[in-house]
Amino acid sequence: MPLLTRVFKSLLRSTFSNRLRSLSPSVIVLHARTYSLAPILDSTPASKYFPALNVLVPTDTPSPLASTDEESPLSFMEEPLGLPASEGFGYYQGGPGDRLGPGGRFKLESKLGLGATSSVWMARDLSKDQHVAVKILTGYATRMNLTHELREFHVHRRLWVPPGAPESYCQRMIAGFITPGIDPEDGEHLCLAMDLLGSSVEELRMMVPYGVLSLPVVKHILRDVLRGMAHMHARGIVHTDLKPDNIMTGLQYSTATLDEWLKDTPPRTYPPEKSLRHMVTAYESQPLPPPLASTLTSHTFKIADFGSQILSNCTKTNDITPLGMRPPEIILGKKWDEKIDVWTFGCLVFELLTGQPLFMPMGPPDEPIEHSMLYQMLCFCGESFDEDYLKQCSQASQYFTKDGKWLELLKELQTLDPITFQERIRETCLPIPPADIEGASALMKRCLRLDPANRASAQELLQDPWLAH
1 MPLLTRVFKS LLRSTFSNRL RSLSPSVIVL HARTYSLAPI LDSTPASKYF
51 PALNVLVPTD TPSPLASTDE ESPLSFMEEP LGLPASEGFG YYQGGPGDRL
101 GPGGRFKLES KLGLGATSSV WMARDLSKDQ HVAVKILTGY ATRMNLTHEL
151 REFHVHRRLW VPPGAPESYC QRMIAGFITP GIDPEDGEHL CLAMDLLGSS
201 VEELRMMVPY GVLSLPVVKH ILRDVLRGMA HMHARGIVHT DLKPDNIMTG
251 LQYSTATLDE WLKDTPPRTY PPEKSLRHMV TAYESQPLPP PLASTLTSHT
301 FKIADFGSQI LSNCTKTNDI TPLGMRPPEI ILGKKWDEKI DVWTFGCLVF
351 ELLTGQPLFM PMGPPDEPIE HSMLYQMLCF CGESFDEDYL KQCSQASQYF
401 TKDGKWLELL KELQTLDPIT FQERIRETCL PIPPADIEGA SALMKRCLRL
451 DPANRASAQE LLQDPWLAH
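Using full-length UniProt numbering, the first residue of the sequence shown is number 1, and each one after it goes up by one.
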């Protein structure tokens, strides 16, 4: 048996079943992120971009970050404060007590977390005496929004619904404004005041064995995600980054409860840290307490993190979505639309049901990861790429001949038998009822079609019989 075939047999049979069962959800997620995260997505942990939050600057780098030392390490506990927007940073250097927005409407109270392009704070809307989230973009990300390379503010405006309107199942923006940086080199900061949300689905998964939530909760989450997708797609918005990190619980804490939490959990800072030109003091991220598992089916789940959304009439063929959830049209260089979210949703069904990723972005060290991804798609989806479809793909010639056959170096992969979605679910050895295996597989099949034209819409998927029970 050819070596490459043996490698893939081990990958698709052993790794997907026996080996993954021995890994914790956090290890699986970390492994997937190592291979799959595209840059500039705000949900990406900051450590992806500055490993272990250590910024190492060689002396021969023609950059303002260089120093007179042979190598000047700048180590940060959280966001790298004091690094300029011109170098891709420019994090907000203020903290609790700061009043932002027109008339100082929003008073920062506690830092909730951070991403690659922003920090997020709980604040009090003084005009209504209620708690909100304020996302403060870095100076670099603010500049990209102002030049329309990122469109987060514009997307939020499209998605906005007035208070009292039917639920959109998307995080709602309350106000957007620009505030100057504490340090001029940080640049200006685009600030988005939004509804305060609770824990992410990823955080909830980390709290349960094997990262698997109960079946009623999984179905509840999937229904709400589809409602949010339908809302976005109807307004011409493509999310491009649907994953457990970006699905949040609606907040069910009262203002009084949050006030009590703030009293019991006052803001904390790290010891001063050396930055580029001076010492800086970062605030510790203190996320809100998660809801009780027994209450999850009573929560509304909302799609969040609109830092990577794209208008459906502005589609490109650039790399988007984590590689492990990336649809074939992106890999093959075909123009895409909102159906990429439907593909990602199909991957999400499997991941929430089993606690494991459907596709593994890994393969032989001497082969591009995309080869492995395309082959797994052919194995699991049970269909081949249409010749006319491949003619519309700018990168198809890297993987296929003109008549849709694998290129010579990939032909030996064709010896592997297809694996159905039902088999993939059973291989996890989880106690999932047979009827739910069949129902979930049928739903996935409607989403994971190689040709996006054959995928169901979010609105159509809301009528899926498996989700209705």
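No residue lacks a Cβ here, since even glycine has one placed at the ideal position from N, Cα and C.
Which value, in whole angstroms, describes the spacing of the CA atoms of residue i and residue j?
{"i": "Pro-434", "j": "Pro-368", "result": "36 Å"}
{"i": "Pro-289", "j": "Ser-118", "result": "21 Å"}
{"i": "Arg-326", "j": "Gln-376", "result": "12 Å"}
{"i": "Phe-177", "j": "Gly-97", "result": "18 Å"}
{"i": "Trp-466", "j": "Phe-345", "result": "15 Å"}
{"i": "Gly-113", "j": "Lys-263", "result": "19 Å"}
{"i": "Arg-157", "j": "Ala-133", "result": "16 Å"}
{"i": "Val-217", "j": "Phe-400", "result": "41 Å"}
{"i": "Pro-80", "j": "Asp-464", "result": "46 Å"}
{"i": "Phe-106", "j": "Arg-99", "result": "5 Å"}
{"i": "Asp-125", "j": "Glu-78", "result": "26 Å"}
{"i": "Ser-394", "j": "Gly-333", "result": "5 Å"}
{"i": "Glu-438", "j": "His-469", "result": "13 Å"}
{"i": "Pro-73", "j": "Val-280", "result": "15 Å"}
{"i": "Arg-277", "j": "Pro-184", "result": "13 Å"}
{"i": "Ile-40", "j": "Ala-116", "result": "With a pLDDT of 30 at Ile-40, under the threshold of 50, the modelled position of that residue is not reliable, and the figure given next carries that caveat. Those two C-alpha atoms are separated by around 7 Å."}
{"i": "Pro-452", "j": "Thr-295", "result": "36 Å"}
{"i": "Ile-136", "j": "Phe-385", "result": "43 Å"}
{"i": "Met-207", "j": "Gln-398", "result": "42 Å"}
{"i": "Gly-82", "j": "Ala-442", "result": "51 Å"}
{"i": "Pro-287", "j": "Ala-396", "result": "44 Å"}
{"i": "His-148", "j": "Ala-175", "result": "19 Å"}
{"i": "Asp-436", "j": "Leu-146", "result": "47 Å"}
{"i": "His-31", "j": "Glu-202", "result": "Unreliable placement is indicated for His-31, whose pLDDT of 33 sits below 50; the coordinate value is still reported in the next sentence. Cα to Cα, the separation comes out at about 15 Å."}
{"i": "Thr-95", "j": "Pro-209", "result": "Note that residue 95 is Gly in the sequence shown here, rather than Thr. Taking the straight line joining both Cα atoms gives about 36 Å."}
CB-CB under 8 Å to residue i, same chain, minus the five flanking residues each way: which ones, in chain order?
{"i": "Phe-350", "result": "Gln-356, Pro-357, Leu-358, Phe-421, Arg-424, Ile-425, Ala-440 and Met-444"}
{"i": "Glu-383", "result": "Arg-449 and Leu-450"}
{"i": "residue 473", "result": "One cannot answer for residue 473 here, as it falls past the ends of the chain, which runs 1 to 469."}
{"i": "Phe-380", "result": "Leu-358, Phe-359, Pro-418, Ile-419, Thr-420, Phe-421, Arg-424 and Leu-448"}
{"i": "Thr-255", "result": "Asp-129, Gln-130 and His-131"}
{"i": "Thr-300", "result": "Glu-167, Tyr-169, Asp-224, Thr-249 and Gly-250"}
{"i": "Val-120", "result": "Lys-111, Leu-112, Gly-113, Leu-114, Ala-133, Val-134, Lys-135 and Ile-136"}
{"i": "Asp-341", "result": "Met-229, Met-232, His-233, Val-238, His-239, Thr-240, Leu-242 and Ala-458"}
Applying the criterion that 16 or more other CB atoms from any shown protein chain within 10 Å of the CB defines a buried residue, is residue i buried or exposed?
{"i": "Gln-93", "result": "buried"}
{"i": "Arg-455", "result": "buried"}
{"i": "Asp-129", "result": "exposed"}
{"i": "Ser-110", "result": "buried"}
{"i": "Val-161", "result": "exposed"}
{"i": "Asp-305", "result": "buried"}
{"i": "Gly-104", "result": "exposed"}
{"i": "Asp-366", "result": "exposed"}
{"i": "Asp-388", "result": "exposed"}
{"i": "Gln-392", "result": "exposed"}
{"i": "Ser-14", "result": "Here the model assigns Ser-14 a pLDDT of 41, short of 50, so the residue's position is not dependable and the matter cannot be decided."}
{"i": "Glu-427", "result": "buried"}
{"i": "Gly-164", "result": "exposed"}
{"i": "Pro-272", "result": "exposed"}
{"i": "Met-173", "result": "buried"}
{"i": "Cys-429", "result": "exposed"}
{"i": "Thr-179", "result": "buried"}
{"i": "Pro-328", "result": "buried"}
{"i": "Glu-260", "result": "exposed"}
Is residue i near residue j, with beta carbons less than 9 Å apart?
{"i": "Thr-142", "j": "Ala-85", "result": "yes"}
{"i": "Trp-343", "j": "Cys-447", "result": "yes"}
{"i": "Leu-213", "j": "Arg-205", "result": "yes"}
{"i": "Ile-303", "j": "Leu-242", "result": "yes"}
{"i": "Pro-418", "j": "Leu-374", "result": "no"}
{"i": "Thr-269", "j": "Tyr-283", "result": "yes"}
{"i": "Leu-159", "j": "Arg-235", "result": "yes"}
{"i": "Leu-353", "j": "Ile-432", "result": "yes"}
{"i": "Pro-361", "j": "Leu-323", "result": "yes"}
Sorted by chain position, which residues of the same chain lie with C-beta nearer than 6 Å to residue i's C-beta, five sequence neighbours on each side aside?
{"i": "Arg-227", "result": "Tyr-169"}
{"i": "Cys-347", "result": "Met-325 and Leu-358"}
{"i": "Ser-372", "result": "Gly-363"}
{"i": "His-233", "result": "Glu-338 and Ala-458"}
{"i": "Ser-127", "result": "Arg-105"}
{"i": "His-154", "result": "none"}
Report back the beta-carbon spacing between residue i and residue j to the nearest angstrom; my notes put them in contact at under 8 Å.
{"i": "Tyr-91", "j": "Asp-186", "result": "7 Å"}
{"i": "Ser-285", "j": "Met-248", "result": "The pair is not a contact, with the Cβ atoms about 15 Å apart (cut-off 8 Å)."}
{"i": "Thr-321", "j": "Thr-240", "result": "6 Å"}
Tell me which same chain residues have a C-beta within less than 7 Å of the C-beta of residue i, skipping the five on either side of it?
{"i": "Ala-230", "result": "Ala-458, Gln-459 and Leu-462"}
{"i": "Leu-150", "result": "Ala-141, Met-144 and Gly-307"}
{"i": "Gly-139", "result": "Ala-85, Gly-90, Gly-181, Asp-186, Gly-187, Glu-188 and His-189"}
{"i": "Pro-102", "result": "Phe-177"}
{"i": "Met-122", "result": "Glu-109, Ser-110, Leu-112, His-131, Ala-133 and Leu-196"}
{"i": "Lys-274", "result": "Leu-74"}
{"i": "Gly-88", "result": "Tyr-140"}
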